[in-house]
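When you number the sequence shown by this note's numbering, it's gap-free, plus one each residue, and the end is 1710.
Cβ coordinates follow ideal geometry from the N, Cα and C atoms, glycine included.
Owing to the predicted nature of the structure, the values given are computational and were not obtained by experimental measurement.
Working notes for the structure below.
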Amino acid sequence: MCGIVGYIGNNESVPVLLEGLSKLEYRGYDSAGIAVMTNEGMKVRKFKGRLKNLEEGIKHENMVSSIGIGHTRWATHGEPSDVNAHPHTNINASIAVIHNGIIENYMEIKEYLIEKGIEFKSETDTEVIAHLVDEYYEGNLLEAVNKAVDRMEGAYAIAVIAKDSPDEMVAVRKDSPLIVGLGEGENFIASDIPALLKYTRDVLLIENEETVHLTKDKVVIYDDLGREVNRDIFKVTWDVEAAEKDGYEHFTIKEIHEQPKGVKETLLRRLDKDNNINLDGIKLTKEDLDGINKVYIVACGTAYHAGLIGKYAIEKFANIPVEADIASEFRYRDPFIDEHTLFIAVSQSGETLDTLASLREAKRKGARIMSVVNVVGSSVARESDDVFYTWAGIEIGVASTKAYTTQLVAMYLIALRMAEESGKMTHEEVSKVIEELKTFPEKLEKILENKDFIQKFADSQFNNERIVFMGRGLDVSVAHESSLKLKEISYINSFSIAAGELKHGTIALIEEGTLILALATQQKLFDKMLSNIKEVKARGAHVVSIAKEGDTAVEKVSDEVIYIPETMDELTPILSVVPMQLFAYYVSLARGNDVDKPRNLAKSVTVE
Ligand code: AGP
């Protein structure tokens, strides 16, 4: 996710752009920049780091202008740097563009432009847009942008200005959000509402595949067939903070709801039409794999729980033994590592010190380093030989949710790629799993539709201090993740357990009123789970089971059942965790906690 903002009107553009970017930093903040038309021509100023670097960098410059665009970045293609920051321009900086999204076919366009002699400055996908618009620009900016966009595939919200068309701006929306703000003698564009609230509450919500042509006095919307579209003005009543959360009460619940999109982005952009998996250049050839005799997956907290699923997936699909380890333990136990070791670090922030220290230890001992990271250009990413970026978008809530499910997608894709390269699975078998994964965005949406039932259930249990999560097989790892979610945002001293372990001591804790969340999604262990549920029921527990649609036998032994859509046993964690995330969120809400910033915790633990 990135933030874009644009201004055209009778007032100064720079203050508006900076104000807008300051309200969009929650969408991404690894670099920021603006492009404005001044009496000295187009000026483009952009800096790595937070917005204050940009503000510092321009404060002594003549940036007097009545038209400009601005961008705050969440890097996907190209490390955070001054040159990779937006806006991007054509060769002579007569065209400037800002972009939120991903141009999937940017390499193909880039090769086409390079063949025509275009020299690229950045590593980004966005830069191709500026050169493409320039390719078609003959004085009509709207026409040039339309022709360029016709060549582009992917998700984008863009805004374009041109030195020779200083009285107009063109913006286009495809999948990424875009809005227009209306003023007196001035008009605005932005990724979303917070950027404009200081100047206007009269907004036009731009729909998918629409193009907007703005002057300071007029805004025209065109549909994908070039027909003018009338759009009612949306009067914004939100305050700024509510707007940053897109109308959700907390970032945590917003991010839980962003999981269908995150899973889709992380999955689909790595598949071609034949379901061949492209791991962004990560080489995992048969020779590479033949040279590996040990795999570690090392992480902390939720990322560790994702690593447990990764262990299962690589062992199940690729038949390669894997050790999943907690980073704070791994780094001190002098693990066996040599040049035949593959070390996989998993980290949302890419800055967790224990994980980074473990990576450095593995690297020092000769291991090949791969990482699964959500923050582009973070320390873990920079120090890895190969990086698989999860495209979850920025995650603000301390409780990791969408990062976790996109980490699981990463684990499955890596495991399937290993399986096919090593010959353990045919392409047809891999493709069958991929086809099932492709149904997950829709299946996740279906689970989220059930949130009212889960909230009602959470409201009935929020004062229960005895809450246990149990499961078997893959469900044990999901039980651990579910318990962590509840602990960190509700402060309830919950615990998780392999259900088969109950009889070895823990069942002594089960008493009247103990709430048990029983994850029973694994077919081959389903009957065993039914027995475990009966065991705890016999001791007075209140049991809510999580099972796949159709497994109605669980109703006979449970007080309530939360069903998830049918899918392969191996893939259920991506689905079964979501009702548990919602449960934790609503319990925390009912207890009046600061859900997004729970006590004692930080979003990234960069200390020992
Ligand atoms: C998860 O909800 C917690 N916020 C925490 O356990 C987190 O997963 C852990 O600190 C690892 O963070 P990372 O993924 O940024 O490395």
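Which listed residue (the options) has its alpha carbon closest to that of residue i
i, options, result
"E1613", "A1640, L1619, K1626 and E1590", "A1640"
"S1592", "E1351, A1610, H1582 and F1564", "F1564"
"I1439", "L1410, F1353, G1412 and R1470", "R1470"
"A1273", "V1659, H1582, T1317 and K1300", "T1317"
"L1123", "M1271, V1230, I1291 and K1145", "I1291"
"L1604", "G1615, G1573, L1586 and A1622", "G1573"
"G1241", "V1230, K1265 and V1532", "K1265"
"K1388", "R1568, H1190, A1521 and V1230", "A1521"
"V1489", "E1497, V1146 and S1480", "S1480"
"F1044", "D1436, M1472 and P1437", "Residue numbering for the chain in the displayed model covers 1103 to 1710; residue 1044 lies beyond these limits and cannot be assessed."
"G1203", "L1381, E1157 and G1495", "G1495"
"I1281", "E1288, A1297, E1270 and G1287", "A1297"
"K1154", "D1629, D1132, E1309 and N1141", "D1132"
"T1263", "S1115, E1221, L1120 and K1375", "In the sequence under discussion, the amino acid at residue 1263 is Ile, which differs from the Thr named in the question. Cα-wise, what sits closest to I1263 is S1115."
"S1585", "P1543, S1183, F1336 and A1620", "A1620"
"M1144", "N1310, S1168 and E1121", "S1168"
"V1138", "L1119, R1152, Y1128 and F1149", "L1119"
"S1773", "A1501, R1433 and Y1434", "With the chain covering only 1103 through 1710, there is no way to say anything about residue 1773."
"A1401", "A1420, R1372, K1347 and R1433", "R1433"
"R1701", "I1205, V1709, K1589 and E1206", "K1589"
"K1545", "V1707, E1651 and P1182", "E1651"
The ligand AGP heavy atom lying under 7 angstroms from the CB of residue i
i, result
"C1402", "yes"
"S1451", "yes"
"S1762", "The displayed coordinates of the chain run from 1103 to 1710. Any statement about residue 1762 would go beyond what the structure contains."
"E1672", "no"
"L1677", "no"
"A1459", "no"
"L1586", "yes"
"S1502", "yes"
"G1357", "With the sequence shown as reference, residue 1357 is identified as Glu, and Gly is not the correct amino acid for it. The answer is no for E1357."
"A1405", "yes"
"T1454", "yes"
"E1229", "no"
"E1485", "no"
"E1225", "no"
"E1360", "no"
"E1431", "no"
"E1163", "no"
"E1523", "no"
"E1590", "yes"
Nearest-angstrom Cβ-Cβ length linking residue i and residue j, presumed shorter than 8 angstroms
i, j, result
"L1422", "V1397", "Residue identity check: residue 1422 is Ile in the sequence provided, not Leu. Confirmed, Cβ separation roughly 6 angstroms."
"G1383", "T1508", "Contact doesn't hold; Cβ gap of about 19 angstroms is too wide."
"L1515", "V1482", "With 8 angstroms as the limit, L1515 and V1482 do not qualify as a contact, their Cβ atoms being about 18 angstroms apart."
"I1136", "G1170", "6 angstroms"
"I1394", "H1442", "6 angstroms"
"L1243", "S1267", "4 angstroms"
"E1523", "L1369", "So it is not a contact: roughly 19 angstroms between Cβ atoms."
"M1670", "V1532", "Actually they are not in contact, since the Cβ atoms of M1670 and V1532 sit about 13 angstroms apart, beyond 8 angstroms."
"E1668", "A1415", "Wrong, their Cβ atoms sit about 19 angstroms apart, outside the cutoff."
"E1288", "I1110", "7 angstroms"
"L1627", "G1694", "Actually they do not touch by this definition, with Cβ atoms about 38 angstroms apart."
"F1149", "A1177", "No, F1149 and A1177 are not in contact; Cβ-Cβ is about 14 angstroms, not under 8 angstroms."
"E1255", "N1207", "4 angstroms"
In DSSP terms, what residue i is bridged to
i, result
"N1289", "I1110 and L1284"
"V1424", "V1397"
"K1077", "Any question about residue 1077 goes unanswered here, given that the chain covers just 1103 to 1710."
"A1198", "T1191 and I1263"
"F1490", "V1474"
"E1312", "R1275"
"F1571", "S1598 and L1619"
"Y1665", "A1649"
"A1429", "Its beta-bridge partners do not exist; DSSP assigns none."
"Y1324", "T1313 and E1330"
"S1690", "In the DSSP output, where bridge partners are listed per residue, S1690 has none listed."
"D1304", "K1337"
"K1089", "Any property of residue 1089 remains undetermined from this structure, which presents the chain solely from 1103 to 1710."
"R1175", "S1133"
"V1448", "V1474"
"A1257", "I1204"
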